[in-house]
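Engineer: Here full-length UniProt numbering is used: the first residue of the sequence shown is 1, the next is one more, and so on.
By construction, the Cβ of each residue, glycine as well, lies at the ideal position given by its N, Cα and C atoms.
It should be emphasised that the depicted structure is a prediction, and the values quoted were computed from it without experimental measurement.
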Amino acid sequence: MTINYLSGQQNDMFMQRYGFSSPVNPWDVIQFSGNARIHLDSFLSVFNIAGLPEEYYHNSRLSNDGDTFVDGAVLAAARTVPTWSDGDVPPIPSMERKAVKEIQEECQRMLAEFPTTSEQDRKLLDSMPEARRTLDTAIKYRLHRKLFIEKVTQALEIYQERILF
């Protein structure tokens with residue numbers, strides 16, 4: 001039996017309603033405040049993501065064997081990272097590099113706003129196996145937000161390496 005916890009929902013809603021979150025929720029969102037934007041079609045092609053935004057999926061038949069990087073968090077990144085698309089106009093590599101760097105820097109600023117790192121959260125969870133459920137859940141939620149932001153940063157790095165030689 002499979003339980004569907006309302007597909008298309010962000011982690012904060014899952015936390016409020018059900019008391020859990022996921023680091024690979026394909027519907028999670030990061031609110032970016034800068035003006036940097038990357039080329040949508042190029043980003044999608046690097047990760048073999050197809051479909052409309054509401055129906056993105058990873059076309060694993062186009063991926064290399066053993067390539068397991070693309071998960072729900074990368075699909076969420078495709079929906080949440082600021083992008084642009086102008087028909088058949090290709091990205092200008094220097095401008096695309098600059099945009100990737102700006103978005104990565106914004107991700108780093110978001111991570112720096114947390115009182116702990118993801119590694120510290122993992123150690124904290126490991127050191128308190130009998131922690132109260134609410135404390136354990138809160139730390140996991142914070143960890144999942146950080147893991148998502150870190151995955152977006154990694155995806156941008158891979159994007160830059162693969163498309164912007």
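DSSP three-state label for Y141, please.
Structural biologist: helix
Engineer: Counting along the chain, where does the alpha helix (DSSP H) carrying A76 start and finish?
Structural biologist: 72 to 80
Engineer: Are at least three pairs of beta-carbons, each pair with one atom in the segment 100 to 118 and one in the segment 64 to 76, less than 8 angstroms apart?
Structural biologist: no
Engineer: Could you tell me whether any non-hydrogen atom of the ligand NAD is closer than 7 angstroms to the CB of Q108?
Structural biologist: Here there are no bound small molecules, and the ligand NAD is not part of this structure.
Engineer: What is the DSSP secondary structure of Y57, counted as helix, strand or coil?
Structural biologist: strand
Engineer: Just to confirm before moving on: does the CB-CB distance between residue 189 and I49 stay below 8 angstroms?
Structural biologist: The chain is shown only over 1 to 165; residue 189 falls outside these bounds and no answer can be derived.
Engineer: Expressed to the nearest angstrom, what Euclidean distance is found between the alpha-carbon atoms of K123 and A77?
Structural biologist: 26 angstroms
Engineer: Using the Cβ count rule (16 or more neighbours within 10 Å means buried), how would you classify W27?
Structural biologist: buried
Engineer: The alpha helix (DSSP H) spanning D28 covers which residue range?
Structural biologist: It is not in any alpha helix (DSSP H) - D28 carries neither H nor E in the DSSP assignment.
Engineer: Using DSSP with H/G/I as helix, E/B as strand and the rest coil, what is A50?
Structural biologist: Note: A50 maps to strand in three-state DSSP.
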